[in-house]
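Some notes on the structure that comes next.
2 protein chains.
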Amino acid sequence: MEYLIVRQFIRSLRNLDVILDKALKHAEARKFDPDNLFGARLFPDMLPFSAQVRIACDTAKSTAANLAGKEAPKHEDNEKTFAELRGRIGKCLAYLETFTEKDFANVKPDALIKMPNRPGKALRAREYLIARQIPNFYFHVTTAYDLLRSSGIELGKADFLGQMDFVEV
Amino acid sequence: MEYLIVRQFIRSLRNLDVILDKALKHAEARKFDPDNLFGARLFPDMLPFSAQVRIACDTAKSTAANLAGKEAPKHEDNEKTFAELRGRIGKCLAYLETFTEKDFANVKPDALIKMPNRPGKALRAREYLIARQIPNFYFHVTTAYDLLRSSGIELGKADFLGQMDFVEV
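Protein sequences, first through last, are from chains A and B. In terms of this note's numbering, the first sequence is residues 17 to 185. In terms of this note's numbering, the second sequence is residues 17 to 185.
This is how it looks when you write it as C-alpha cells:
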C-alpha cells in the first residue's frame, strides 16, 4: 500500500504543477505578475499559497522517507517566485521517483514513526500513513487549488484529479 | 486496505461534524444565522458549502458500497439548514458503520467499478480507491473547511486531522 500511495502522491503533485502552469498562463493573459499569487491567503492568519505548495511537497517527501527508513533531502523554504515554487515541486518529484516497491517491502504497520514537530510522540506506521500523511497531503494540495480557484484562475476538479486509467466497458 | 480507508473516512467525517459545530457556535457568538454559511462559495461558479459537505459524504458512501459490491442508500440533496446538513453527515456515518472488514475481504484490485457520471467508463478497484475516491473525498472535506475558515471561523489543521493515536516515546 505504501508504494501505491507514494506513486499517487507523484501523480497528484504533477497535477498541481499543471495547475500552477495554468495560473501562469492566466496571469500572462490578464497581464499581471504571477508572483502576485505567491502570498495569496484565504484568510489573513492562514498560510499563504507558497506554503501550501511547500507543505504538500514536504508531506509527500517525508511520507516516503519515513516509511522506507531513509533520510529525506532538506529543501530550503527560500522560493521567492512562482517559477522557483514549480522547481520545488520538481525536486520533490525527482526524489519520490527514486523509490521502488522494494523500499517499502519491510514496512511494519506497527513500527513507530517519530513526529519532528511533536517531541516525545510517535505514530504507528499504518496510522501515520492513513490518518496523518494522506489527509495532510490532500489538505495542502486542495488549499493551493482553492486559493488559485478563488483568485479567478479557470480550474475544475478534473485538473485536481488529473488523468485516470479509465477502462472502456 | 479498503476497510482501513473506510474507517478513516468515518474519522474524517466526524472531524467535519465537529468543525460544523464550531461554525454554529461561532455564528451564535457573533449573533448571525448559521444558515448564512450554507451557500458560501470561494468563487461565484464554484459549488457552495452545502454541496461540498454532501459530496464528501456521497464519496465516502459510494466508496464503501462499490468496493463491497453493495447498493448505497440514496440520500436526497434537500437539506436547507445547517442542522439538516449535520444530519446528512450523521446518516452517512451510520451507513459507513455497518461495514466490517469482512465486507472487503474479497475485493479484487482489478475488478471494474463503473462510474455513474461517466457512461461507458470504469476504473479498476485499486485505481478507483487511490486515484479517484481518496483524493475526491479530501478535496471536498478540505474545501468545506477552507470555506468556513475563509468566513472567519476559528479553525486549525488540528480540527481537520482530528485526534490521532499518538504513542509516547
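A virtual CB, placed ideally from N, CA and C, is assigned to each residue, including glycine.
As the crow flies, the alpha-carbon of isoleucine 21 of chain A is around 24 angstroms from that of serine 66 of chain A. Beta bridge pairing from DSSP links leucine 139 of chain A with A:Ile129.
Residue nearest to arginine 70 of chain A within the set A:Thr97, A:Asp61 and A:Gly85 is A:Thr97 (criterion: CA-CA distance). When the Cα atoms are used, arginine 46 of chain A and serine 167 of chain A turn out to be separated by approximately 12 angstroms. Under a criterion of Cβ atoms nearer than 8 angstroms, no residue of chain A is adjacent to lysine 41 of chain B; the nearest Cβ is some 18 angstroms distant. Residues of chain A with a Cβ closer than 8 angstroms to the Cβ of glutamate 143 of chain B are, in chain order, Met180 and Asp181. The residues Gln68, in chain order, have a CB closer than 6 angstroms to that of threonine 159 of chain B in the same chain once the five nearest residues on each side in sequence are set aside. At a Cβ-Cβ threshold of 8 angstroms, leucine 145 of chain A and threonine 79 of chain A count as neighbours.
Bounds of the alpha helix (DSSP H) holding serine 66 of chain A are 65–84. The distance from the Cβ of alanine 72 of chain A to that of leucine 29 of chain A is about 7 angstroms, consistent with a contact at the 8 angstroms cut-off. Contact of valine 22 of chain B with chain A by beta-carbon distance below 7 angstroms is absent, the smallest such distance being about 11 angstroms.
Under the 8 angstroms criterion on CB atoms, phenylalanine 25 of chain B is classed as non-interfacial with respect to chain A.
In this structure glutamate 18 of chain A is not in contact with aspartate 181 of chain B, their Cβ atoms being roughly 18 angstroms apart against a cut-off of 8 angstroms. Per DSSP, reduced to three states, the secondary structure at valine 183 of chain A is strand. One finds Leu58, Thr159 and Asp162 in chain A with Cβ atoms closer than 7 angstroms to the Cβ of aspartate 162 of chain B, taken in chain order. Along the segment 114–129 of chain A, the positions whose C-beta sits under 8 angstroms from a C-beta of chain B are Leu128, read in chain order.
Contact note: serine 166 of chain A reaches chain B through Leu58 and Phe59, using a C-beta cutoff of 7 angstroms and chain order.
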